[in-house]
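Input: a single structure, listed below in structure tokens.
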Amino acid sequence: MKARNIISLILIIFLAYFLFQALNLVPGFGMANIEERTATHYINKDVNSKKEEIKFNESKNPESGSANMVTSVVVNYRSFDTLGEVTVLFIAATGIGAILFRKRKKEKTMMDEDGSLILVTGVKILFPLLLLLGTYIFVHGHLTPGGGFQGGAVIATAFLLMFLAKKNYKLDNSKFKLIEGIAGITFVGLGLIGLATKGYFLMNFLNNGVIGSSFSSGIIPIIYIAIGFKVGAELAGIISNLVEA
Amino acid sequence: MKEFLTNWAFFGGSILLILIGLYGVLTRKNLIKIIIGLSLMDTGVNTLLVSLGYVNGGKAPILTSIVSSSTEKFVDPVPQALVLTAIVIGVAVLALALSIVMKVYEKNQTLDISKIRGLKW
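Chains as they are written, first to last, in the working numbering: chain R, 1 to 245; chain D, 1001 to 1121.
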């Protein structure tokens, strides 16, 4: 073996020893005690208010009205981090568009012919169904597992299928950039409205409703719809840039 | 054997993924293989973070008509929320890295980093 491989192996065994030593600081697998962590406040929804039992379809106007606790952590309690994540994705998509810019379009496209017959026929049925599935996932982010990022990824998969099936499929990049921009402005705008009415950026300013019903939990579904459109348009734009460059 | 696997499958497997990805980044000469190693490290770190929040006998942290009260035993939802962010950022970094590799290939016509001037091993 080469010297580089052996030195790397020694380095990795060294690192493995330290990583496994660090596992002694954690309670064993499955022995996590939720009561000692901040997660117990997110589960019982008593970060700012008194502790009371939250029941599905019965509690009215709790602190964070979403039945899905991961959604309430991502979009309500820690929504500033989600804003940062949306910004990182936007910078990456813009950077890819800038790196792969080409003044004259390529003469030869990536594929010489369409996909096989099964693929072309299947995509005609699957494309609207995939869009519907992605929309369902991000609209119901506060009731079922899912949310904006997952639904946006499914929508981008629908566009990837179209790229695989047709020879000269092109996306209209300007329309997608417009959707992305409007969705981003919606997210920040909701935060500013929260700042104006309640005094804190991204504070929930609508009534929270009953946990478990479709129109509940304030601005959480609106933010997730905006994020779903934004992530879907962004990932489809990234795929289109990678194919056409 | 079964007890060893139950206790160590998640932690040990995630750390193994991280180390295999690191070995790939350190020793491979093809640019695409380096990026695949980077993606393996991402996956390993995300799995390790999520598995630190598991509770024996806990349920998924969603209130439904079957699991309807917040006093039941739930799995920790905070690492899941943080890993959601981390996965998306991993995708963004990977896409940007691949587009840079495409430009490097156009200029040098090779993906071998020992032959590209400026990336000498």
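No residue lacks a Cβ here, since even glycine has one placed at the ideal position from N, Cα and C.
These figures come from a predicted structure and were not determined experimentally.
Quiz item: What does residue 78 of chain R reach in chain D if we use C-beta pairs closer than 8 Å?
Solution: Taking the first residue of the first sequence as 1, we reach residue 78 of chain R at position 78. In chain order: 1081.
Quiz item: Whose Cβ in chain R lies nearer than 7 Å to the Cβ of residue 1068 of chain D?
Solution: Reading the second sequence from its first residue, position 68 is the one you call residue 1068 of chain D. What residue 1068 of chain D touches in chain R: 55 and 56.
Quiz item: Is it buried or exposed for residue 28 of chain R, if we count other Cβ within 10 angstroms and need 16 for buried?
Solution: For the purposes of this step, residue 28 of chain R is taken as the residue at position 28 of the first sequence. Counting Cβ neighbours within 10 Å, residue 28 of chain R comes out exposed, since fewer than 16 surround it.
Exercise. Determine the chain R residues that contact residue 1103 of chain D at a beta-carbon separation under 9 Å, and present them in chain order.
Key: Here the question's residue 1103 of chain D lines up with position 103 in the second sequence. Those are 99, 100 and 245, listed as they occur along chain R.
Practice problem: Out of R:159, R:69, R:37 and R:83, point me to the one whose CA is closest to residue 243 of chain R's CA. | Solution: Here the question's residue 243 of chain R lines up with position 243 in the first sequence. Cα-wise, what sits closest to residue 243 of chain R is R:159.
Exercise. Taking residue 61 of chain R as the reference, give the member of R:194, R:186, R:215 and R:164 with the closest Cα.
Key: As a position in the first sequence, residue 61 of chain R is number 61, starting the count at 1. The residue with the shortest Cα to Cα distance from residue 61 of chain R is R:215.
Exercise. Please determine if the stretch 1065-1077 of chain D and the stretch 43-61 of chain R are in contact, where contact requires at least 3 C-beta pairs separated by less than 8 Å.
Key: yes
Exercise. Let me know the beta strand (DSSP E) ranges lying completely inside the stretch 28-73 of chain R, each 3 residues or longer, listed in chain order.
Key: none
Quiz item: Comparing the C-beta of residue 226 of chain R with each C-beta of chain D, is any distance below 7 Å?
Solution: On the first sequence, residue 226 of chain R is found 226 positions in, with the first residue counted as 1. Interface criterion not met: the Cβ of residue 226 of chain R is under 7 Å from no Cβ in chain D.
Exercise. Starting from residue 1043 of chain D, follow the alpha helix (DSSP H) in both directions and report where the run begins and ends.
Key: Taking the second sequence and counting its residues from 1, the one referred to as residue 1043 of chain D is at position 43. Run containing residue 1043 of chain D: 1031-1051, per the alpha helix (DSSP H) assignment.
Quiz item: Per DSSP, which one or two residues make a beta bridge with residue 120 of chain R?
Solution: Within the first sequence, residue 120 of chain R is the residue found at index 120, counting from 1. In the DSSP secondary-structure assignment, residue 120 of chain R is not bridged to any residue.
Self-check item: Per-residue contacts from residue 233 of chain R into chain D (C-beta, under 7 Å)
Solution: Start at 1 with the first residue of the first sequence, and residue 233 of chain R comes out as number 233. By Cβ distance, chain D contributes nothing, its closest Cβ being about 14 Å from residue 233 of chain R, past 7 Å.
Quiz item: What residue from R:68, R:20, R:193 and R:41 has the CA that sits closest to residue 212 of chain R's CA?
Solution: By 1-based counting over the first sequence, the position of residue 212 of chain R is 212. Selected option, being the one with the closest Cα: R:68.
Practice problem: Reducing DSSP to helix, strand and coil, say where residue 1004 of chain D ends up. | Solution: What you label residue 1004 of chain D is simply residue 4 of the second sequence in a count that begins at 1. Three-state DSSP puts residue 1004 of chain D in a helix.
Self-check item: Any 3 or more C-beta pairs closer than 8 Å across the stretch 116-125 of chain R and the stretch 183-199 of chain R
Solution: no
Practice problem: Determine the direct distance from the alpha carbon of residue 168 of chain R to that of residue 1052 of chain D, and round the result to whole angstroms. | Solution: The residue given as residue 1052 of chain D occupies position 52 in the second sequence. The residue given as residue 168 of chain R occupies position 168 in the first sequence. Cα to Cα, residue 1052 of chain D sits roughly 47 Å from residue 168 of chain R.
Exercise. May I ask whether a heavy atom of the ligand NAP can be found less than 6 Å away from the beta carbon of residue 130 of chain R?
Key: As presented, the structure is devoid of all ligands, the ligand NAP included, so that no description of it is given.
Practice problem: Would you tell me roughly how many angstroms separate the C-alpha atoms of residue 198 of chain R and residue 140 of chain R, rounded to the nearest one? | Solution: Residue numbering aside, residue 198 of chain R sits at position 198 when the first sequence is read from its first letter. Residue numbering aside, residue 140 of chain R sits at position 140 when the first sequence is read from its first letter. Computed Cα separation, rounded: 26 Å.
Self-check item: Below-7 Å beta-carbon distance, residue 229 of chain R vs any chain D residue
Solution: Position 229 of the first sequence, counted from the start, is the residue given in the question as residue 229 of chain R. Answer no: the Cβ-Cβ gap between residue 229 of chain R and chain D never drops below 7 Å.
Practice problem: Starting from the Cα of residue 1065 of chain D, find the closest Cα among R:154, R:88, R:15 and R:54 and give me that residue. | Solution: Indexing the second sequence from 1 puts residue 1065 of chain D at position 65. Comparing Cα-Cα distances from residue 1065 of chain D to each of R:154, R:88, R:15 and R:54, the minimum goes to R:54.
Practice problem: Determine, using beta carbons only, whether residue 1099 of chain D comes closer than 7 Å to chain A. | Solution: Of the protein chains in this structure, namely R and D, none is chain A.
Quiz item: Would you say residue 47 of chain R faces chain D, with C-beta separation under 7 Å as the test?
Solution: Along the first sequence, read from residue 1 onward, the residue named residue 47 of chain R stands at position 47. No, its Cβ sits nowhere closer than 7 Å to a Cβ of chain D.
Quiz item: Which chain R residues sit within Cβ distance under 7 Å of residue 1027 of chain D?
Solution: As a working note, residue 1027 of chain D is residue 27 in the second sequence. Within chain R, the residues near residue 1027 of chain D are 4, 5 and 8.
Quiz item: Secondary structure at residue 1067 of chain D, three-state DSSP: helix, strand or coil?
Solution: Translated into the one-based positions of the second sequence, residue 1067 of chain D becomes position 67. DSSP places residue 1067 of chain D in coil when its eight states are reduced to three.
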